[in-house]
Amino acid sequence: MDREILVGGEKRVRPVRVLIVEDNAPFRRIICSTLEKRPELQIVCEVSDGLEAVQKAEKLQPDLILLDIGLPTLDGIEAARQIRELVPESKIIFFSQEHSADVVQKALSIGAWGYVVKTSAGTDLLAAVDAVILGKRFVSST
514 MDREILVGGE
524 KRVRPVRVLI
534 VEDNAPFRRI
544 ICSTLEKRPE
554 LQIVCEVSDG
564 LEAVQKAEKL
574 QPDLILLDIG
584 LPTLDGIEAA
594 RQIRELVPES
604 KIIFFSQEHS
614 ADVVQKALSI
624 GAWGYVVKTS
634 AGTDLLAAVD
644 AVILGKRFVS
654 ST
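Letter by letter, the sequence shown follows residues 514 to 655 of the working numbering.
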């Protein structure tokens, strides 16, 4: 993720543009308030279903997508497949209540960079974001 830009002859670090996809409004607010503590992260949009996630990802071209797996209209796994084709440079971190090895492996096999279990989001979300920004993979320990 190249974040250096030239502004008026000066090198500056541009913010990481983040799309949040979560159908549970209270949990989405927790994610937003967690990310807002970091000035280098810019939330560009929040959506609550998979189909809208695909549309917004294509339109906004975010650097990072935080994507719930259990979504209405189009589940997170299928949304991620479509997003990977439309916006391959966007990095995806899944978050889910599901922590079985099969689901985690399926999520990572479609090109996600991270997987955060919702019950560990308080400690793992920013760690996952940091790792992925640095080009590393992250999986919550369960």
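Note that the Cβ used here is the ideal one computed from N, Cα and C, for glycine as well.
- Around the C-beta of GLY589, are 16 or more other C-beta atoms found within 10 angstroms, so that it is buried, or is it exposed? buried
- Mind checking whether LEU554 and VAL529 have CB atoms under 8 Å apart? yes
- If we count the other Cβ atoms within 10 Å of its Cβ and call it buried at 16 or more, is ASP615 buried or exposed? exposed
- Query: Taking the C-alpha atoms as reference points, what is the distance between CYS558 and ASN537?
  - Reply: 15 Å
- ASP576: which of ALA620, ILE606 and ASP562 sits nearest, CA to CA? ILE606
- Message: Runs of 3 residues minimum, wholly inside the segment 561–595: which ones carry the beta strand (DSSP E) assignment?
- Response: 577–581
- Message: If you follow the beta strand (DSSP E) that GLY627 is in, where does it begin and where does it stop?
- Response: 627–630
- Task: Mind the definition here: the segment 613–627 touches the segment 563–571 only if three or more C-beta pairs lie below 8 Å; say whether that holds.
- Result: The segment 613–627 is not in contact with the segment 563–571.
- Query: How far does the beta strand (DSSP E) with VAL534 in it reach, from first residue to last?
  - Reply: 529–534
- Query: If we ignore side chains and look at the alpha-carbon of each, how far apart do PHE651 and GLY627 end up?
  - Reply: 5 Å
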